[in-house]
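Below: the structure, in structure tokens.
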Amino acid sequence: MISFAGMVKLAGVAAVLFVATAPSAGHAQADDGFPFGLEMTMDVRPMPGSKRIPNLEIGDAGEVVIELWCKGGKGQFSVAGNTVIFVAGAMENRTCPPDRAQADDELMAALADAATWKRQGDAISFIGSKTLRFRLNTN
Numbered sequence: 028m029i030s031f032a033g034m035v036k037l038a039g040v041a042a043v044l045f046v047a048t049a050p051s052a053g054h055a056q057a058d059d060g061f062p063f064g065l066e067m068t069m070d071v072r073p074m075p076g077s078k079r080i081p082n083l084e085i086g087d088a089g090e091v092v093i094e095l096w097c098k099g100g101k102g103q104f105s106v107a108g109n110t111v112i113f114v115a116g117a118m119e120n121r122t123c124p125p126d127r128a129q130a131d132d133e134l135m136a137a138l139a140d141a142a143t144w145k146r147q148g149d150a151i152s153f154i155g156s157k158t159l160r161f162r163l164n165t166n
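Here's what the structure looks like:
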């Protein structure tokens with residue numbers, strides 16, 4: 028669990044990276060660039076008894092709307108080269124079965140832990156202690 032001071036430090040680093048990458052945001056949608064302005068779905072099967080699959084809708088400035096297995100909320104991506112920082116924002120308190128709530132918490136922790144990212148075509152990977160794979164929604 029990240030302390031409040033740690034979150035403030037991460038937010039500061041994220042702000043610096045955001046400012047450093049802002050001038051190049053117009054070029055970020057190239058086939059090998061970070062998927063600013065796009066939506067992606069996690070490359071996993073739905074959990075038993077559900078049709079939901081986590082997805083991220085990333086805005087042009089890195090702001091993100093997150094829909095997880097049960098919970099939803101907002102956050103912010105900051106990117107410099109292949110380095111990525113994700114800072115979670117407010118999450119909606121929804122009534123979730125314990126297994127989905129735990130999966131949501133683990134996914135948010137893995138996103139916060141990611142230090143680098145990689146793009147191969149429509150596949151985006153966030154790499155930290157776990158690798159999370161997403162597919163760009165191209166429909």
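Residues 28 to 166 (this note's numbering) make up the sequence shown, in order.
The C-beta atom is built at its ideal place from N, Cα and C for all residues, glycine as well.
Since the model is a prediction, treat every value here as computed from it, not as a measurement.
Within 10 Å of its beta-carbon, does Ala130 have 16 or more other beta-carbons around it, so buried, or fewer, so exposed? buried
What residues in its chain sit with their C-beta under 8 Å from that of Pro73, if we drop five residues either side in the sequence? Arg79 and Ile80
Of the listed residues Lys98, Val111, Asp70 and Leu95, nearest to Phe63 (C-alpha basis): Val111
Quick one: what's Lys101 bridged to in DSSP? Val92
Looking only at its chain, what residues have a beta carbon closer than 6 Å to the beta carbon of Leu159, apart from the 5 residues adjacent to it on each side? Ala137 and Phe153
Note down, in chain order, each residue of its chain lying with its Cβ closer than 8 Å to the Cβ of Asp149, except the 5 sequence neighbours on either side. Arg162, Leu163 and Thr165
Span of the beta strand (DSSP E), counted from its first residue to its last, around Glu84: Asn82 to Ile85
CB-CB length for Glu94 against Asn82, believed under 8 Å: 5 Å
What residues in its chain sit with their C-beta under 8 Å from that of Asn109, if we drop five residues either side in the sequence? Thr143, Trp144 and Lys145
For Ser3, which option in Gly99, Phe113 and Lys98 has the closest C-alpha, if you only look at C-alpha atoms? Nothing in the structure corresponds to residue 3, since the chain is present only between 28 and 166.
Starting from the C-beta of Arg121, find all residues in its chain whose C-beta is less than 8 Å away, skip the five residues before and the five after it, and write them out in chain order. Answer for Arg121: Cys97, Lys98 and Gly99, listed in chain order.
Could you pull the DSSP bridge partners for Lys145 from this structure? According to DSSP, Lys145 bridges with Ser152.
Residue range of the alpha helix (DSSP H) that includes Glu119: Note, Glu119: premise wrong, no alpha helix (DSSP H); not H, not E.
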